[in-house]
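Asks: Counting from 35, one number per residue, gives the positions in the sequence shown under the numbering used here.
The structure that follows is given in the form of structure tokens.
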Amino acid sequence: MAFSVPERVRVYEVGPRDGLQNESAFLATEDKARLIELLAAAGLPAIEITSFVNPRWIPPLADAENLSAMLRDRADLPRLTALVPNEKGLERALANGLREVAVFMSASESHNKRNINKTRAEAYAAFEPVFATCRSAGVAVRAYVSVVWGCPYEGNVSAEAVLETTQRLLDLGAYEVSLGDTIGVGTPGQTSDLLERLLARVPASQLAMHMHDTRGTALANCLVGLQMGITTFDASVGGLGGCPYAPGASGNLATEDLVYMLNGLGIDSGVDLDRLVVAGLFAQSLLGRPLPGRALRALAATCTTAIPPSHADQFHR
Ligand code: HMG
Ligand code: MG
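Okay, here's the thing in structure tokens:
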């Protein structure tokens with residue numbers, strides 16, 4: 035190859051959270067748990083399972099307590115994490131056994147306000163006690179910066195705002211900041227410019243990329259990230275996803291598409307693509323429609339593993 039990429043990367047699965055938060059259907063908690071088990075069986079090292087946000091804001095994840103309780107203390111599962119917006123969310127997450135949480139902040143004022151009903155200054159203030167509690171409880175905190183590549187309300191977002199937000203979240207105690215292309219507008223040149231500026235100040239090991247594939251550029255952007263040394267990439271099974279508070283934000287980068295590309299580049303992610311396809315087909319059967327991931331669609335044709343029945347199929351039909 036005429037360019038270099040890391041030997042190993044970490045794929046951080048967000049489907050059960052970022053994917054399902056955008057669905058109008060409320061899936062049975064047992065089915066969400068089964069999906070997470072299938073993702074774990076495929077070798078994903080970290081899975082964001084739900085959100086402890088106000089269930090009135092995100093009804094499809096209103097079962098965060100029950101789901102976490104179902105999965106807690108399971109030695110067969112990898113690191114499980116959940117999104118928390120404030121102290122109340124953290125209390126709920128800790129009470130249900132989570133040992134890692136993720137906070138989120140937008141690089142633009144308007145998206146932050148729509149998403150969490152707070153200005154960015156208010157959000158930082160709300161995060162301080164969250165980080166303090168996590169520090170004393172030994173709970174890891176990941177942080178997202180949303181709308182990094184563009185905002186649905188403000189358009190362009192300055193690299194300076196992204197840099198300032200990233201630095202501040204790391205200073206508060208995040209072990210890693212995941213850069214979100216919430217509405218999937220990023221293109222590779224922009225990604226290269228942005229990462230160049232960030233990497234002058236922040237080590238690649240503290241950055242992750244969270245791309246949405248709304249305009250088909252997610253993988254191209256990840257390839258730029260790989261070439262620049264990024265080693266953690268978020269993705270969502272089958273390409274499920276979007277942000278309900280960002281109009282036009284459709285699917286996340288599909289985990290199968292990402293793993294297919296990583297395999298082709300000889301990069302070890304520890305994820306078994308065939309087993310991942312089984313998880314993707316299970317998610318598809320739960321939602322009752324084809325999911326947008328392209329590798330999933332291509333590989334489904336040759337998948338010979340039986341897809342487990344859903345809880346709804348087993349018990350309610
Ligand atoms: P608010 O209405 O301003 O909250 O919402 P509040 O503090 O004024 O309290 C109002 C009510 O909410 C009270 O209840 C609180 O107890 C309750 P009441 O007295 O009316 O019965 N409340 C809570 N309940 C449960 N869990 C909580 C909680 N906090 C307060 N944690 C709030 C503020 C942040 C809660 C709300 O705006 C919210 O839940 N927003 C979440 C929206 C969301 O999840 N958006 C999508 C995720 S972000 C994303 O998708 C981007 C990302 O994927 C990266 C990328 O793609 O770029 C991460
Ligand atoms: Mg997202």
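The C-beta atom is built at its ideal place from N, Cα and C for all residues, glycine as well.
Distance check for C337 and D308, CA to CA, integer angstroms please.
Replies: D308 and C337: Cα-Cα distance of roughly 7 Å.
Asks: If V25 and N120 are in contact, beta carbons under 8 Å, what's the gap, nearest whole angstrom?
Replies: Look at the range of the chain in this structure, 35 to 351, and you will see that residue 25 is not part of it.
Asks: Tell me which residues share the same chain as L320 and place their Cβ nearer than 6 Å to its Cβ, disregarding the 5 neighbours each side in the sequence.
Replies: The residues are L61, D65, S344.
Asks: For H246, write down the residues that DSSP places opposite it in a beta bridge.
Replies: H246 is bridged to N286.
Asks: Assuming T225 and V258 make a contact with CB atoms under 8 Å, what is their CB distance in whole Å?
Replies: Yes, they are in contact, since the Cβ atoms of T225 and V258 sit about 5 Å apart, within 8 Å.
Asks: Thinking C-alpha only, which one of M243, F267, I217, A234 is nearest G250?
Replies: Out of M243, F267, I217, A234, I217 has the C-alpha closest to the C-alpha of G250.
Asks: Write down every uninterrupted run of the alpha helix (DSSP H) in the region 93 to 141 whose length is 4 residues or greater and which is fully enclosed by it, in chain order.
Replies: List check, alpha helix (DSSP H) in window: 98 to 105, 121 to 129.
Asks: So, is G272 buried or exposed, given that buried needs 16 or more other C-beta atoms within 10 angstroms?
Replies: G272 is buried by the Cβ-count criterion.
Asks: Locate the beta strand (DSSP E) running through A174, then write down its first and last residues.
Replies: Here the beta strand (DSSP E) through A174 covers 174 to 180.
Asks: Under three-state DSSP, which class holds R351?
Replies: Low confidence applies here, because R351 scores a pLDDT of 48, under 50, leaving its location unreliable; read the following figure in that light. R351 falls in the coil class under three-state DSSP.
Asks: Is it buried or exposed for E41, if we count other Cβ within 10 angstroms and need 16 for buried?
Replies: By the 10 Å Cβ count, E41 comes out exposed.
Asks: According to the neighbour-count rule (16 or more other Cβ atoms, all chains shown, within 10 Å of its Cβ), is S170 buried or exposed?
Replies: S170 is exposed by the Cβ-count criterion.
Asks: Identify whether T221 lies in helix, strand or coil by the three-state DSSP scheme.
Replies: T221 falls in the coil class under three-state DSSP.
Asks: Excluding the five sequence neighbours on either side, which residues of its own chain have a C-beta within less than 6 Å of the C-beta of T339, listed in chain order?
Replies: If we look at T339 and ignore the five residues flanking it on each side, its Cβ neighbours are V312.
Asks: Name the DSSP bridge partner or partners of D215?
Replies: The partner list for D215 (beta bridge, DSSP) reads M245.
Asks: Which same chain residues end up closer than 7 Å to T199 when comparing Cβ atoms and leaving out the 5 residues on each side of it in sequence?
Replies: The answer, listed in chain order, is M139, A141, V179.
Asks: Compute every distance between the C-beta of F267 and the non-hydrogen atoms of the ligand HMG, then say whether any falls below 6 Å.
Replies: F267: no, Cβ never under 6 Å from the ligand HMG.
Asks: Does the beta-carbon distance from V211 to V175 come in below 7 Å?
Replies: For V211 and V175, no; Cβs fall outside 7 Å.
Asks: Using C-beta distances below 7 Å, list every residue in its chain close to P342, excluding the 5 sequence neighbours before and after it, in chain order.
Replies: Excluding sequence neighbours, P342 sits near R68, F316.
Asks: Would you mind working out which of G263, L260, M262, R328 sits nearest R289, comparing C-alpha positions?
Replies: Reading off the sequence shown, one finds Thr at residue 289, where the question assumed Arg. With distances taken between Cα atoms, T289 lies closest to R328.
Asks: DSSP beta-bridge partners for V45?
Replies: Answer by DSSP bridge pairing, in chain order: F267.
Asks: Between L95 and the rest of its own chain, which residues show a CB-CB distance below 6 Å, the 5 nearest in sequence each way excluded?
Replies: Q55, T84, S85.
Asks: Indicate whether P79 and P112 have their beta-carbon atoms separated by less than 7 Å.
Replies: Cβ atoms of P79 and P112: closer than 7 Å.
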